[in-house]
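J.: Numbering (the numbering used here), first residue to last: 407 to 545. Glycine included, C-beta positions come from ideal geometry on N, C-alpha and C. Owing to the predicted nature of the structure, the values given are computational and were not obtained by experimental measurement.
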Ligand code: THU
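1) Whose C-alpha, out of 503, 461, 411 and 513, is nearest the C-alpha of residue 536?
2) In its own chain, which residues sit with a C-beta less than 6 Å from the C-beta of residue 529, not counting the 5 before and 5 after it?
3) For residue 461, which option in 420, 453 and 439 has the closest C-alpha, if you only look at C-alpha atoms?
4) Span of the beta strand (DSSP E) holding residue 424?
5) Have a look at 476, 410, 408 and 415 and flag the residue whose alpha-carbon is nearest the alpha-carbon of residue 491.
6) What would DSSP say about residue 484, mapped onto helix, strand or coil?
7) Under 8 Å: do the region 448 to 465 and the region 430 to 437 share three or more Cβ pairs, one atom per stretch?
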């Protein structure tokens, strides 16, 4: 059983590292592997905008680059840097990050969106990426 609260806490820790001089929108993600390891990710922006990397993809790319291929869940938090925890809204992953999830995850992969330490919603990848047949056959 996934420890949602632990993953949300890890996502808030990851959010502290967000590099956001342009949008001031801080995002944190915590990605859980099948073996129980957690990879944190934050968004990293660029003055030329397009190289900006979302928190979710930072977490995935860190994990995949360390040899991980089996994922269970990801927790995501995101808010304006001046908005106190609990006063913002949920921060759903962008389409590009959802696409990356389909590359490495099964339809039952869980996406936890949190707006505070104990206010969160859980979705499956199938729910947020309808019409895609998972798993993909990339290997
Ligand atoms: N961002 C993420 O990191 N993840 C999301 O799910 C939504 C958007 C980042 C990209 C950019 O640095 C900032 O949030 C504003 O879009």
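T.: So, to answer that:
1) Of 503, 461, 411 and 513, the smallest CA-CA separation from residue 536 is found for 513.
2) Excluding positions up to five away in sequence, the list reads 517.
3) Out of 420, 453 and 439, 420 has the C-alpha closest to the C-alpha of residue 461.
4) Per DSSP, residue 424 lies in no beta strand (DSSP E) and is assigned neither H nor E.
5) Residue 491 has its Cα closest to that of 415, out of 476, 410, 408 and 415.
6) Strand, per DSSP.
7) Touching, yes.
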